[in-house]
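K.L.:
All residue numbers for the sequence shown refer to the working numbering, where the first residue is 169 and numbers rise by one. The beta carbon of each residue, even a glycine, is placed where N, CA and C say it ideally should be. Remember, it's a predicted structure, so these values are computed and weren't measured experimentally.
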Amino acid sequence: MRPICDNYPYNEEIEAPADDVDPVAYFLFDIKEGYCDYYATAMVMMLRSLGIPARAVSGCAEGTFDEESQVYIITEKDAHTWVEVYFPTYGWIEFEPTAGESELRRPAGEDPNSLKIQTSPDRLTAVLLPQILMIL
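1) Would you call the CB atoms of residue 249 and residue 217 closer than 8 angstroms?
2) If we count the other Cβ atoms within 10 Å of its Cβ and call it buried at 16 or more, is residue 256 buried or exposed?
3) Can you pull the DSSP bridge partners for residue 262?
4) Output the distance between the C-alpha atoms of residue 184 and residue 245, rounded to the nearest integer angstrom.
5) Which whole-angstrom value is the C-beta distance of residue 252 and residue 264, which I expect to be below 8 angstroms?
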């Protein structure tokens, strides 16, 4: 059986559902395409319907690592929503339900207090020494 995301193309240009239409039903049964918010919300709702603790999390994907400056470049295009599922003993584990997205990689880093953030109008640059960025 193919994963649901293989049958639901990624599309950021979809129309929003009408005010009286459930967004998850709209995604799953009507338009059958969407972007990360739709995939994550649908997965969370399905898991919760089975009594499994789950949550949708919004933030940024990994960004692009710049070898020369040893900095991760994170821009608006890196905004993303994914799913976390709670497993007793292990805690919250991330899952990537969105079609076409690579596996989420959040490497364990040094002291999170060493995170330095610099902003400019067109980009957000985050640096965590040594060469690791962890955005949760």
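P.N.:
Short version:
1) The sequence position of residue 249 within the sequence shown is 81, counting from 1. The sequence position of residue 217 within the sequence shown is 49, counting from 1. Their beta carbons are not under 8 angstroms apart, which means residue 249 does not touch residue 217 by this criterion.
2) Residue mapping note: residue 256 aligns to position 88 of the sequence shown, counting from 1. Residue 256 comes out exposed.
3) Within the sequence shown, residue 262 is the residue found at index 94, counting from 1. 252.
4) What you label residue 184 is simply residue 16 of the sequence shown in a count that begins at 1. What you label residue 245 is simply residue 77 of the sequence shown in a count that begins at 1. C-alpha separation (whole angstroms): 20 angstroms.
5) Stepping through the sequence shown from its first residue, residue 252 is reached at position 84. Stepping through the sequence shown from its first residue, residue 264 is reached at position 96. Residue 252 to residue 264, Cβ: 11 angstroms. No contact.
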